[in-house]
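Numbering (the working numbering), first residue to last: 3 to 192. In this text, a Cβ means the ideal position worked out from N, Cα and C, and glycines have one as well. These numbers were taken from a predicted model, which means no experiment stands behind them. Below you'll find the structure, written out as structure tokens, and then a few comments.
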């Protein structure tokens, strides 16, 4: 065990994703826990963009992590755990949307206030996020999914093609069209 400014660091926390994944696949729950503690922010941000509420996001992320634990044996490349978790989160989020009852929700009701921002800065940021949300909502589903997997999920073009079962050229085209559309719609925020 070694220590740094943020407190003690265990060997598990210092181990690469691949080693943690291999140990977790062998039944080591502590290794799996250490692995999940590395990627919750990106998974939560991605899922939130799909489902739209914090309460549903937490449920979907929990389901995704549980699914990941159950499917550890299907992980082909232990070094690509982040992409693997993002794929699972994507599937869980879209499955959640399919199960969601068709009713209106109160937009923004359960959003947490951003700490440390002045009201003016928070208002500007919220307006920018709302404009981006509208720009994303205006995209066709395939373009929106490609954009989210790339920009929020940080998946490679190849990983997106595999996740969406599309040719790589289609993924490139979808991303190009999505970026062009978003750029046009967000021009007022430059």
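Residue 59, enclosing alpha helix (DSSP H) - first and last residue
56-72
Taking 8 Å as the threshold (C-beta atoms), are residue 91 and residue 2 in contact?
For residue 2 there is no data in the structure shown, the boundaries of the chain being 3 and 192.
In terms of residues, what are the limits of the alpha helix (DSSP H) holding residue 88?
83-101
Compare the C-alpha of residue 151 against each of 128, 126, 86 and 188 and name the closest.
86
In three-state terms, what does DSSP make of residue 191?
helix
Between the Cα of residue 56 and those of 22, 81, 76 and 95, spot the shortest distance and give me the residue it belongs to.
95
Return the chain-ordered list of same chain residues with a C-beta closer than 7 Å to the C-beta of residue 47, the five sequence neighbours on each side being excluded.
154
Any alpha helix (DSSP H) of 4 or more consecutive residues that is wholly inside the region 136-178:
143-149 and 159-166
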